[in-house]
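Participant:
Number of protein chains: 2
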Amino acid sequence: LIMVNNLVKTYIMGEVKVRALRGITLDIKSGEFVAVMGPSGSGKSTFMNILGCLDKPTDGQYLLDNVDVSKLTRNELAKIRNVKLGFVFQGFNLLARTTALENVELPMLYSDKFDSIERDEKAKEALRSVGLTKRINHVPSQMSGGEQQRVAIARSLVNDPVLILADEPTGNLDTSTSVEIMNIFQKLNEEKNITIIMVTHEHDISQYSQRIISLRDGKLIEDYKVENR
Amino acid sequence: LIMVNNLVKTYIMGEVKVRALRGITLDIKSGEFVAVMGPSGSGKSTFMNILGCLDKPTDGQYLLDNVDVSKLTRNELAKIRNVKLGFVFQGFNLLARTTALENVELPMLYSDKFDSIERDEKAKEALRSVGLTKRINHVPSQMSGGEQQRVAIARSLVNDPVLILADEPTGNLDTSTSVEIMNIFQKLNEEKNITIIMVTHEHDISQYSQRIISLRDGKLIEDYKVENR
Ligand SMILES: Nc1ncnc2c1ncn2[C@@H]1O[C@H](COP(=O)(O)OP(=O)(O)OP(=O)(O)O)[C@@H](O)[C@H]1O
Ligand SMILES: Nc1ncnc2c1ncn2[C@@H]1O[C@H](COP(=O)(O)OP(=O)(O)OP(=O)(O)O)[C@@H](O)[C@H]1O
Ligand SMILES: [Mg+2]
Ligand SMILES: [Mg+2]
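Chains as they are written, first to last, in the numbering used here: chain A, 1 to 229; chain B, 230 to 458.
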């Protein structure tokens, strides 16, 4: 599903260059559940943003489903994002003046796969699965940090994506809520064969994945299988 | 330092009442290092916002340094916040168009304790202690999640506060960066007798504190000492 070759991302700030990714090469097969780990500032979110077609690399190739993403137009990239991908952002990125229910319905509006009754049902079911039935009409400022994060998780899976990219999805969640979320991801991966790439800094959470890749200073330093899941 | 009696916080949304805190009673002595734990949505941030004089309870008493906070004017509350308190918000709350250095200097501008040369030195030292010397001129959008969180941590301690309230300060940090941050908090607590109240969902992080209080559905359900620190 994903083939990345010598991926480089350099941010230029005036005179200063920040080399966030310094040549990453790896493959991820359809249906894999991969955890991405590494120190703060090592390039995890930068890597996820490129995989999610939200940002372009400075150099190197990225093939998604055998299509060279760098050759696509902005509209084609937006289409891939809206139809194939689900994204949990590190900062949640919810629309501030919009309720939890409307935030979760949003991806379905873009992808045009469901009618309005189906959208309402799927959004409510996704919010129920993350334990937020009682907060569906709350806007983000009326919810706790972990509740906002769970709205972002519900939004990422509502469109039946091919690939879910989750950046620190349990950063604001207590252990038992985290376990419920990881069970949802694991079920989507095993029953619907959805590919999941998840950044985490928590060892316990990484053990739900099948494979762990570690970044340090923008380079891939480890890539190993998880034993005894 | 802190005495809380039957603290209640109820949010009113049209017809719906959300009882975020349902009567919390406890004391925290000067120089204590307390961890606050509990499920997502249990009232931890609501409790921290009231302790930090950023929000008023719906009912109950809060004495800070034997002063009844509910009797204070807005200006007096702001003065307490700027001079006595350091705050690490769950959402970082950095100023977006402002560099890391300027964000960390901000509390010192309000408290008027230091001149401009001292402010610059103290801010750089605080950013050095959290490992961000190379990012002092970056604005938040030019930093990773964990780097923004560390700017927020540096900002909370730069004013030599009496009390630091840290809401999930390691939620976006890898283990070794988290250990560095916890060593900073522990040193401030042991060497400068700064009182620290810290929300965390990670058991390993809670073990740096001397006392753990647990909330569930807005109530205090556990309050115990940490053994074998
Ligand atoms: N402005 C508000 N209006 C209505 N309800 C609110 C408001 N702010 C918070 N709440 C609700 O109050 C409850 C407690 O929120 P709080 O932010 O204190 O929880 P928390 O323990 O910090 O959770 P988390 O660990 O997820 O950050 C939540 O269920 C939340 O939905
Ligand atoms: N727009 C930008 N301009 C300049 N530097 C940037 C920009 N965005 C990110 N960086 C830098 O690139 C590096 C990698 O950032 P990235 O967000 O990928 O890290 P990360 O591994 O996700 O970290 P964290 O675990 O803290 O979230 C960081 O050091 C950051 O300061
Ligand atoms: Mg990140
Ligand atoms: Mg909170």
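All C-beta atoms, glycine included, are put in the ideal place defined by N, C-alpha and C.
Would you please verify whether the beta carbon of Tyr-291/B is less than 9 Å from any beta carbon of chain A?
Facilitator: Not one chain A Cβ lies under 9 Å of Tyr-291/B.
Participant: Assuming the contact rule is C-beta atoms closer than 8 Å, Ser-407/B and Val-263/B should be a hit. Round their C-beta distance to whole Å, please.
Facilitator: Between Val-263/B and Ser-407/B the Cβ distance is about 18 Å, and since that is not below 8 Å, they are no contact.
Participant: To which residues of the same chain is Met-427/B closer than 6 Å at the C-beta, ignoring the five residues directly before and after it?
Facilitator: Counting only Cβ-Cβ distances below 6 Å, and skipping sequence neighbours, we find Ala-264, Ala-395.
Participant: Just reading off the alpha helix (DSSP H) that Ala-126/A is part of, what are its end residues?
Facilitator: It spans 116 to 129 - the alpha helix (DSSP H) in which Ala-126/A sits, taken as one unbroken run.
Participant: Tell me whether the stretch 153 to 164 of chain A and the stretch 187 to 205 of chain A touch, counting them as touching only if at least three CB pairs, one residue from each stretch, are closer than 8 Å.
Facilitator: These segments touch.
Participant: Could you name the residues of the same chain whose beta carbon sits closer than 6 Å to that of Thr-46/A, not counting the 5 residues immediately before and after it, in chain order?
Facilitator: Only Lys-9, Ala-20, Leu-21 meet the Cβ criterion.
Participant: Let me see if you follow: with CB-CB separation under 9 Å, is Glu-222/A close to chain B or not?
Facilitator: It does not: the Cβ of Glu-222/A has no partner Cβ on chain B nearer than 9 Å.
Participant: Helix, strand or coil: which one does DSSP assign to Gln-378/B?
Facilitator: Correct three-state label for Gln-378/B: helix.
Participant: Among residues of its own chain, excluding the 5 on either side of Gln-207/A, which ones have a beta-carbon nearer than 7 Å to its beta-carbon?
Facilitator: Taken in chain order, the residues that qualify are Val-226, Arg-229.
Participant: To the nearest whole angstrom, what separates the beta carbons of Ala-381/B and Phe-318/B, a pair I think is in contact under 8 Å?
Facilitator: With a Cβ gap of about 6 Å, Ala-381/B and Phe-318/B count as contacting.
Participant: Which residues mark the beginning and the end of the alpha helix (DSSP H) in which Lys-84/A is found?
Facilitator: From DSSP, the alpha helix (DSSP H) with Lys-84/A extends over 74 to 84.
Participant: Decide if Asn-278/B is buried, meaning its Cβ has at least 16 other Cβ atoms within 10 Å, or exposed.
Facilitator: It is buried - the Cβ of Asn-278/B has at least 16 other Cβ atoms within 10 Å.
Participant: Using a Cβ cut-off of 8 Å, pull out every chain B residue sitting near Glu-168/A, in sequence order please.
Facilitator: Chain B residues near Glu-168/A: Gly-374, Gly-400, Asn-401.
Participant: To be precise: take each residue of the stretch 25 to 58 of chain A, compare its Cβ to all Cβ atoms of chain B, and keep it if any distance is under 9 Å. Which residues remain?
Facilitator: Within the stretch 25 to 58 of chain A, the residues whose Cβ lies closer than 9 Å to some Cβ of chain B are Met-37, Gly-38, Pro-39, Ser-40, Gly-41, Ser-42, Gly-43, Lys-44, Ser-45, Thr-46, listed in chain order.
Participant: Going by DSSP in three states, Gln-290/B sits in which element: helix, strand or coil?
Facilitator: Of the three classes helix, strand and coil, the one that applies to Gln-290/B here is strand, per DSSP.
Participant: Taking Met-13/A as the reference, give the member of Asn-422/B, Ala-352/B, Met-372/B with the closest Cα.
Facilitator: When each option's Cα is compared against that of Met-13/A, the closest is Met-372/B.
Participant: Measure from the alpha carbon of Gly-400/B to the alpha carbon of each residue in His-201/A, Gln-148/A, Leu-157/A, Asp-160/A, then state which is nearest.
Facilitator: Looking at the Cα atoms, His-201/A is the closest of the given residues.
Participant: Excluding the 5 residues preceding and the 5 following Lys-124/A in the sequence, name in chain order all residues of the same chain whose CB lies nearer than 8 Å to its CB.
Facilitator: Around Lys-124/A: Leu-101, Thr-133, Ile-136.
Participant: Within the continuous alpha helix (DSSP H) that includes Asn-103/A, where are the two ends?
Facilitator: Run containing Asn-103/A: 100 to 111, per the alpha helix (DSSP H) assignment.
Participant: Distance, Cα to Cα, Asp-344/B vs Val-333/B?
Facilitator: Straight-line Cα distance between these residues: approximately 14 Å.
Participant: Among Met-37/A, Gly-60/A, Asp-160/A, which residue has its Cα nearest to the Cα of Lys-113/A?
Facilitator: Nearest of Met-37/A, Gly-60/A, Asp-160/A to Lys-113/A, Cα basis: Asp-160/A.
Participant: Please list, in chain order, the chain A residues whose beta carbon lies closer than 7 Å to that of Thr-404/B.
Facilitator: By Cβ distance, chain A contributes His-201.
Participant: Would you say Met-13/A faces chain B, with C-beta separation under 9 Å as the test?
Facilitator: Taking Cβ atoms only, chain B reaches closer than 9 Å to Met-13/A, which makes this a yes.
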